[in-house]
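Undergrad:
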Amino acid sequence: MQINTKKLDSFRSLIQSIDLEGPPSAAFVGSPVDSPARCLVLDAAFNPPTVAHWGLARSGALASGASHVILQLSCSNVDKGIMEANLAQRLYMVAALATLKEQTSVTVCSHARFIDKANALAALDRQIQPIFAIGYDTLVRLFDPKYYEDMAGELEILFEKAEFVVGNRGDTDQSEMDRYLEDRTEYGGRIHTVTLDASFSDVSSSNVRRRSGQGENVRALVPEPVADLIKAFGLYT
Numbered sequence: 339m340q341i342n343t344k345k346l347d348s349f350r351s352l353i354q355s356i357d358l359e360g361p362p363s364a365a366f367v368g369s370p371v372d373s374p375a376r377c378l379v380l381d382a383a384f385n386p387p388t389v390a391h392w393g394l395a396r397s398g399a400l401a402s403g404a405s406h407v408i409l410q411l412s413c414s415n416v417d418k419g420i421m422e423a424n425l426a427q428r429l430y431m432v433a434a435l436a437t438l439k440e441q442t443s444v445t446v447c448s449h450a451r452f453i454d455k456a457n458a459l460a461a462l463d464r465q466i467q468p469i470f471a472i473g474y475d476t477l478v479r480l481f482d483p484k485y486y487e488d489m490a491g492e493l494e495i496l497f498e499k500a501e502f503v504v505g506n507r508g509d510t511d512q513s514e515m516d517r518y519l520e521d522r523t524e525y526g527g528r529i530h531t532v533t534l535d536a537s538f539s540d541v542s543s544s545n546v547r548r549r550s551g552q553g554e555n556v557r558a559l560v561p562e563p564v565a566d567l568i569k570a571f572g573l574y575t
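Right, dumping it as structure tokens:
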């Protein structure tokens, strides 16, 4: 696959325009959502996008009744290292992934907290009703008091603005997720769960980077256009 350098440069310029220190903001990459409504939002570092990312986005949209998928590249808290793809390269991979399914858009976002992401999307288009797709490990962190000054109050505001769909990770199954949510019934109807295919359980971006760095074939771990771009960019070697 040949890299379109003009497109890559435009992605680089867009990322540079995102203010990480200002109010939460997001921007569409290419065409925006046609009919903003219930949108499944998969926000990640995408380093690189994997089949597990794509599986969670598609299954999560079905489980939550979302009419549209937004793949959102997080521009904050970016890890740096020799084997890392830069943000423009990641955005290029995400944009290629989005072409695989109709009603899929791509955005970039400035901030890391979910409440900030929800506010950023609202500022972008008030009709967007975000449903954030997360793994079970992120759900546990979402209810960890150490991340809040006023946990109950902050969560109340968050769940007024957004819903969540949770996919199992690793050895976690549906029954374990259900047990965890039994003590959080006040958010019933705002948290959906989905059991991902067992083949996704050990798929992660870090696994892809590690195995690629060891010279292994990672095509089974990433969608086809992502695999082609990893090769074209010469990433993770």
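The working numbering numbers the first residue of the sequence shown as 339 and each following residue consecutively.
Yeah, the Cβ is synthetic: ideal placement off N, Cα and C, and Gly gets one too.
(1) In three-state DSSP terms, what is Ala536?
(2) Which two residues bound the contiguous alpha helix (DSSP H) that contains Arg479?
(3) Could you check what DSSP says for Leu411 in three-state terms: helix, strand or coil?
(4) Less than 7 Å between C-beta atoms, sequence neighbours within five positions excluded: which residues of the same chain meet that for Met421?
(5) Val379 and Ser443 - do their beta-carbons sit closer together than 7 Å?
(6) Taking the C-alpha atoms as reference points, what is the distance between Leu400 and Ile341?
(7) Starting from the Cα of Arg532, find the closest Cα among Gly393, Arg549, Ala383, Asp488 and give me that residue.
(8) Since Val504 contacts Ile469 with CB under 8 Å, what's their CB separation in whole angstroms?
(9) Between the Cα of Ala565 and the Cα atoms of Pro387, Arg479, Ala365, Gln467, which residue gives the shortest distance?
(10) Drop a sphere of 10 angstroms on the beta-carbon of Ser402, count the other beta-carbons inside from all chains shown, and report buried for 16 or more, exposed for fewer.
(11) Go ahead and label Val478 buried or exposed: buried means 16 or more other beta carbons lie within 10 angstroms of its beta carbon, across all protein chains shown.
TA: On the basis of the data shown:
(1) helix
(2) 474-480
(3) strand
(4) Only weak support exists for where Met421 lies, its pLDDT of 44 falling under 50; the coordinates are left without a value.
(5) no
(6) 33 Å
(7) As written in the sequence, residue 532 is Val, which differs from the Arg given in the question. Nearest C-alpha to Val532: Gly393.
(8) About 11 Å separates the two Cβ atoms, so there is no contact after all.
(9) Pro387
(10) buried
(11) exposed
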